[in-house]
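So the sequence lines, in the order shown, correspond to chains A and B.
Just so we're aligned: the first sequence equals residues 206 to 455 in this note's numbering.
Just so we're aligned: the second sequence equals residues 943 to 1258 in this note's numbering.
Below is one structure; the comments refer to it alone.
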Amino acid sequence: MKRILVGIKRVVDYNVRIRVKPDGSGVVTDGVKMSINPFDEIALEEALRIKERGGAEEVIVATVGPADTQPQLRNALAMGADRAILVQADGAVEPAVAARALLKLAEREQPSLVILGKQAIDDDNSQTGQMLAALWGRPQATFASKVELADGKARVTREVDAGLETLEVDLPAVITTDLRLNEPRYVKLPEIMKAKKKPLETLALAALGVEVRQRLKAVRFEPPPQRQKGIKVKDAAELLEVLKKKGVLA
Amino acid sequence: MSTRILIVAEHDGTRLNPSTAKCVACARTIADADITVAVCAANAATVATQAAQLQGVACVLKVENAANEHPLAAVLAPQIVAVAQGYALVLGPSTTFGKDLMPRVAALLDTVQVSDIMAAESATRFRRPIYAGNAIVTVEVESGVQVVGTVRIASFEAAPTASSAAPIESAQVQADIPTHTRFVSVSAARSDRPDLQTAARVISGGRALASAEGFQILYKLADKLGAAVGASRAAVDAGYAPNELQVGQTGKIIAPELYVAIGISGAIQHLTGIKDARTIVAINKDAEAPIFEVADIGLVGDLFQIVPELERLLGS
Ligand SMILES: Cc1cc2nc3c(=O)[nH]c(=O)nc-3n(C[C@H](O)[C@H](O)[C@H](O)COP(=O)(O)OP(=O)(O)OC[C@H]3O[C@@H](n4cnc5c(N)ncnc54)[C@H](O)[C@@H]3O)c2cc1C
Ligand SMILES: Nc1ncnc2c1ncn2[C@@H]1O[C@H](COP(=O)(O)O)[C@@H](O)[C@H]1O
C-alpha cells in the first residue's frame, strides 16, 4: 500500500503573544492556546491532496510528544488523515530524537513519502526533516512550494534565497513544506465526529527502541531587547529631514 | 588548547557568499579559534582564494567533485562528514543553503545542531532566538560532543579582509555520493539592485500595494535610495512580489542600516526579520498599526501619495 507519513508537532498557536517566565526558566505555556504547527497543517494538506489525486492510499499522522497532543492528532484525523500515531515522550524532544523516532516509524510503515513542516514555530529549529532523510539514507527536498509525483520520483520546487529551485528525487523521500505549498482546508463538524472513530495508536518512545537523549540543554530564557518607541513625522519632507539629521541619509 | 572550527562555505561556483564571512566572524568570537573553511565545488579554486582572504581563517580546504556543481545537501553532507573529524564545531550559515545542509551533516555525525546562533559564549554555549525572536534562549551542549551549528548572519559583521592569505589545501575525500537527488533548475531573478540580505538600505512593501503594478512604485523609490526591495508574506502570497523578497520568520532575516516598511502592518512574524535594523521607518495609513511600536520614525498616511512625494523630493 502506498502511504504518506506526516509529522506533526503541537506548538503554541502562532497568534499567541509569547511571554518569558520571570525566573527565566522557559516561556509561559500554561493556559495558552496550542495548535498543530502551521507548516505541519500544510504538510498534511499536501498529503491529502496527493491521496485524493490517487497518488497514495493512506495518510498517517505521527507526533513525538506529550499525551496532551491527542486533540491535535484528532484534528488531523478530522482534516482527513486515516490514522494517527502518538509516540509518547515527556519533556522537550530535540530534533535529533524526533528524527530517530520518525525513522523507526518510517521503517515500520514503509511510506513512499514523508512530509514534514520546514520548521516548528516554537523552537524554529528547521532540522527534523533533514535529519530524518540523512538517517534513512533517502533524499530530502526542503522548503517545498510545489510537489509533483510521477514514476517513483518527485519533482519539487523549493523556495531558496536566490529564488525557486527545482529538484528531482527518487522515492521514498522526505519533503518539508514552505508556506506557499497550499492552503490547508477547514475542518467541518461531521468530520470531527467521524475522526473520533479513527485509529489512534499510542506508543512509548522506548518501545520504538529510541534512546531519550538530551544533548542540548536550555539553561536560560530571556525576553528579546525591546526597541525604543520612536517619533512620528507629519509628512514626506519632514521624514527626509529627520533621516538626514540622524545621518541615515546624506 | 585551541578550538578547531570548520566552516562550510556558501558560494555560487564563482563568488563566495557574504554569509561565509559572517560565519567566520561568529567563529572568531570563540577563544583560541582555529578556523578552517571548506569549499565544496566542482572547481573550488576561485572561491577558495576568496575564502583565504578572510581575517581569522587559518586554512582553506578544497573539496572538489564534479557532483558538487549544485549545492545538493544529500551530495555535500557525506563529503563534509569525511573532512569534519577532529573539529569541535562545524558551522554553516543560517541561509536556505545552510539550513538545508547542516542538519543532514549533524545527523550523519550522530550529533545535535544549534540553529541560528546569534552569539557564541564558548564552543559549547550559545544564544539563539526562538518563538519568532520573542524569546532568546541560552543553550549548552554536553562537553565533548561535536557540535554542528548555523549562524544567524544578521547578528554578525562580516569578517574583514586579512593582510595575508591563508594556505589552501586539497582534501582527498572518500565518501559515498548518492545519485537519488538531482538538480533540475533554478530561477534566480538576477537584478542590478543590491542584494536584500546584505543591503545597507531596504524598502519593503506589504499587502497595501494592492497589485504587482502597485509594487513597482517601491522599485522606483528603492533606486533613488540605492536600496534593495523586500516584501511581507502577504505581498508575496498575493503575487505582488517574488518569494525571494520575503522578510520575516520564514523569509529573510536582515539587518540593514535603514528599513522602510510601507503598507505593512507589523505582524510578529514580519518583525522577526527586521529586529536588527539600525533605523526602522514605517509608512502606514492606520495610526494604530503595530509596526509603529517598533518604528524609530513613523509617518501616518496614504502610501500612494507619500511614496511618489518621497521620490520627487529625493530628486534625481
Ligand atoms: C507560520 C507563519 C509564518 C509567517 N511568516 C511570515 C514572514 O516571514 N514574513 C511576513 O511578512 N509575514 C509572515 N507571516 C504572515 C504574518 O502573520 C502577516 O499575515 C503578514 O506579515 C501581513 O502582511 P502585511 O503587513 O503586508 O498585510 P496586512 O497585515 O494586511 O497589512 C497591510 C497594512 O497596510 C496598511 N495600508 C493599507 N492601505 C494603505 C495605504 N494606502 N497606505 C498606507 N498603508 C496602507 C494597513 O493599515 C495595514 O496595516 C507568517 C505567518 C505565519 C502563520
Ligand atoms: N516532536 C515531533 N513530532 C513529530 N513531528 C515533529 C516533531 N518535531 C518536529 N517535527 C516535524 O519536523 C518539522 C520541523 O521541525 P523542527 O526541526 O523542530 O523545526 C515540523 O514541522 C514537524 O513536521
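Cβ atoms here follow ideal geometry from the backbone N, Cα and C, with glycine treated the same way.
For D1179 of chain B, the enclosing alpha helix (DSSP H) stretches over residues 1175-1179.
Restricting attention to B:P1120, B:T1092, B:S1129, the CA atom closest to the CA of T362 of chain A is found in B:S1129.
At a cut-off of 6 Å, the beta-carbon of Q419 of chain A does not count as near ligand 2: no heavy atom of the ligand is closer than that.
Straight-line spacing of the CA atoms in D356 of chain A and S317 of chain A works out to 12 Å. For Y1201 of chain B, the secondary structure class from DSSP, reduced to helix, strand or coil, is strand. Under the 7 Å criterion on CB atoms, Y1201 of chain B is classed as non-interfacial with respect to chain A. Fewer than three Cβ pairs drawn from the segment 991-1000 of chain B and the segment 1012-1029 of chain B lie within less than 8 Å of each other, which leaves the two stretches out of contact.
The segment 409-453 of chain A contains, as complete beta strand (DSSP E) runs of 3+ residues, the segments 421-427, 436-438 (chain order). Within 7 Å of the CB of V1115 of chain B, no CB atom of chain A is found; the nearest one sits about 17 Å away. Residue pairing by DSSP places S1127 of chain B opposite A:T371 in a beta bridge. Each of B:V1017, B:I1059, B:V1025 was checked against the Cα of P1035 of chain B, and the nearest Cα belongs to B:I1059. Close partners of F1125 of chain B in chain A (Cβ separation under 7 Å): L372. Contact annotation for N1076 of chain B against chain A: I223, P429 [CB-CB distance below 7 Å, chain order]. One residue after another in chain order, those with a Cβ under 5 Å from a heavy atom of ligand 1 are A:Y219, A:P243, B:G1148, B:R1149, B:A1150, B:S1174, B:R1175, B:A1176, B:G1190, B:Q1191, B:T1192, B:G1193, B:G1205, B:I1206, B:S1207, B:A1209, B:Q1211, B:H1212, B:N1226, B:K1227, B:D1228, B:A1231, B:D1244, B:L1245. The distance from the Cβ of H1212 of chain B to that of V374 of chain A is about 32 Å, inconsistent with a contact at the 8 Å cut-off. T1221 of chain B is not a Cβ neighbour of G1190 of chain B, given a cutoff of 7 Å. Closer than 7 Å to the CB of I1204 of chain B there is not a single CB belonging to chain A. For T1038 of chain B, the closest alpha carbon among the candidates B:A1030, B:H953, B:Y1029 is that of B:H953. A straight line joining the alpha-carbon of E262 of chain A with that of V292 of chain A spans about 23 Å.
The beta carbon of D1244 of chain B sits closer than 6 Å to the beta carbons of K1227 from its chain, once the five residues preceding and following it are set aside; these are given in chain order.
Straight-line spacing of the CA atoms in T1092 of chain B and V302 of chain A works out to 19 Å.
For T1192 of chain B, the residues of chain A that pass the 8 Å Cβ criterion are K323, Q324, D383, L384, in the order they occur in the chain. With respect to F1157 of chain B, G1147 of chain B sits close: the two C-beta atoms are nearer than 7 Å.
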